[in-house]
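Here is the structure we will look at.
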Amino acid sequence: MVVKKYPMIPGGEPRSYPSTGSAVLLPLKNLKDSSIEAEVLVCGGAPKGSYLQSLKARVMGDMILLPNGNVLLINGAGPGMAGWEQGRDPVLSPVLYRPDNNIRSRFEIQNSTTIPRMYHSTAALLCDGRVLVGGSNPHEFYNITGVPFPTELSLEAFSPKYTIQVAINSNKVDESSMSVTMFAPAFNTHSFSMNQRLLILGNDKVTAVGNSTYNVEATTPRPGNVAPSGFYLLFVVHQGIPSQGIWV
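Each residue of the sequence shown is one higher than the one before, starting from 3 at the first, in the numbering used here.
Okay, here's the thing in structure tokens:
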């Protein structure tokens with residue numbers, strides 16, 4: 003276990019609220035090893051930091067694990083802080099984080115939404131690999147008119163690039179880039195998704211059973227600290243493109 007003491011934020015404000023950052027447990031790999039390395043990505047909540055020039059500062063963002071192991075950072079504001087009407091300048095562009103890329107090319111800005119998602123926004127992974135986005139409500143009660151950011155009752159789905167459908171006729175499959183992943187569903191509030199984790203099972207064996215049809219065998223970890231008992235979404239991922247998820 004590595005314990006790190008972070009510097010105090012000016013004014014003594016806590017990291018989790020109202021200077022709300024977000025954190026996520028990155029995908030767990032090499033599950034057959036005797037010891038498994040766990041890494042947590044933390045974005046925001048620090049008094050200062052280093053920034054890529056293309057990215058905007060963000061407070062109240064939500065981080066969602068995608069079935070191919072990437073992380074989506076979505077929702078939130080630029081200046082201000084969490085807590086009712088304290089946020090300003092909504093950040094409309096989601097950001098994709100690719101943990102396996104070179105450290106200087108891990109972040110990629112995605113297409114912008116037109117709907118501000120401020121305080122009390124949320125996001126959740128769907129079975130088809132899209133992300134359902136809802137909120138916000140930076141008011142004590144529902145307030146639809148006469149405010150900069152009205153109570154938002156709409157839902158929208160963010161579609162990662164892997165959801166683009168094309169027709170390719172090929173009988174070949176790259177077994178080395180095929181894996182099975184298991185996603186533990188999250189419940190989300192205030193920029194944090196409890197219970198969220200992604201297990202990379204890899205593949206033990208890939209067998210052709212028909213024209214462009216394959217069986218993939220994978221070994222699940224024993225229930226416990228790595229894979230707590232409960233429901234999971236199971237995906238087969240080939241070259242970064244996930245299948246439809248099924249509940250197991």
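Cβ atoms here follow ideal geometry from the backbone N, Cα and C, with glycine treated the same way.
The model shown is predicted, which means the values in this text are computed figures rather than measured ones.
Residues of its chain near G136, where Cβ-Cβ distance is below 6 angstroms and the 5 sequence neighbours each way are ignored: Indexing the sequence shown from 1 puts residue 136 at position 134. Counting only Cβ-Cβ distances below 6 angstroms, and skipping sequence neighbours, we find T124 and L157.
Just to confirm, are L134 and M184 a CB contact at a threshold of 9 angstroms? Start at 1 with the first residue of the sequence shown, and residue 134 comes out as number 132. Start at 1 with the first residue of the sequence shown, and residue 184 comes out as number 182. Taking 9 angstroms as the Cβ cut-off, L134 and M184 do not qualify as a contacting pair.
Which residues in the same chain as S56 place their Cβ atom closer than 7 angstroms to its Cβ, once the five residues preceding and following it in sequence are excluded? Along the sequence shown, one-based indexing puts residue 56 at 54. Closer than 7 angstroms at the Cβ level, and outside the excluded window around S56, lie I111.
Answer with buried or exposed for V168, where buried requires no fewer than 16 other C-beta atoms within 10 angstroms of its C-beta. On the sequence shown, residue 168 is found 166 positions in, with the first residue counted as 1. V168 comes out exposed.
So which of V44, L75, S37 and V228 has the shortest CA-CA distance to Y8? Translated into the one-based positions of the sequence shown, residue 8 becomes position 6. Looking at the Cα atoms, V44 is the closest of the given residues.
Tell me the start and end of each unbroken beta strand (DSSP E) in the segment 86-126 that is at least 3 residues and wholly inside, in chain order. Listed in chain order, they are 97-99 and 109-111.
Three Cβ pairs or more, each shorter than 8 angstroms: is that satisfied between the segment 82-93 and the segment 27-39? no
So, for S114: in the same chain, excluding its five sequence neighbours on each side, which residues have a beta-carbon less than 6 angstroms away from its beta-carbon? Position 112 of the sequence shown, counted from the first residue, corresponds to residue 114. Result list for S114: L94 and S95, in chain order.
Kindly give me the distance between the Cβ atoms of S231 and P223, rounded to whole angstroms, as I take these residues to be in contact under 8 angstroms. Counting from one through the sequence shown, the residue named residue 231 turns up at place 229. Counting from one through the sequence shown, the residue named residue 223 turns up at place 221. Their Cβ separation, rounded to whole angstroms, is 11 angstroms, which puts S231 and P223 out of contact at 8 angstroms.
Could you work out which residue in G71, V26 and E41 is closest to S179 when comparing CA atoms only? Here residue 179 is taken as the residue at index 177 of the sequence shown, counted from 1. Ranked by Cα distance from S179, the first of G71, V26 and E41 is G71.
Over the uninterrupted beta strand (DSSP E) stretch that includes M180, give me the two end residues. For the purposes of this step, residue 180 is taken as residue 178 along the sequence shown, with counting starting at 1. Unbroken beta strand (DSSP E) run through M180: M180 to A186.
Does the separation of the CB atoms of V239 and V182 fall below 9 angstroms? For the purposes of this step, residue 239 is identified with residue 237 of the sequence shown, where counting begins at 1. For the purposes of this step, residue 182 is identified with residue 180 of the sequence shown, where counting begins at 1. Taking 9 angstroms as the Cβ cut-off, V239 and V182 qualify as a contacting pair.
Status (buried if at least 16 other CB within 10 Å, exposed otherwise) for T322: Past the boundaries of the shown model lies residue 322; the chain is included only from 3 to 250, so the question cannot be answered.
Contacts around Y216, its chain only, beta-carbon distance under 7 angstroms, and the 5 residues preceding and following it disregarded: Taking the sequence shown and counting its residues from 1, one reaches residue 216 at position 214. Counting only Cβ-Cβ distances below 7 angstroms, and skipping sequence neighbours, we find V175, V208, T209 and A210.
Would you say V61 and G82 are within 9 angstroms of each other, going by their C-beta atoms? To locate residue 61, count along the sequence shown from 1; it is residue 59. To locate residue 82, count along the sequence shown from 1; it is residue 80. In this structure, G82 lies closer than 9 angstroms to V61 by Cβ.
According to the Cβ coordinates, are P29 and A126 closer than 9 angstroms? Against the sequence shown, residue 29 aligns to sequence position 27. Against the sequence shown, residue 126 aligns to sequence position 124. Contact: no.
Which partner residues does T209 have in the DSSP bridge list? The residue labelled residue 209 in the question sits at position 207 within the sequence shown. DSSP output for T209 lists N217 as bridge partner(s).
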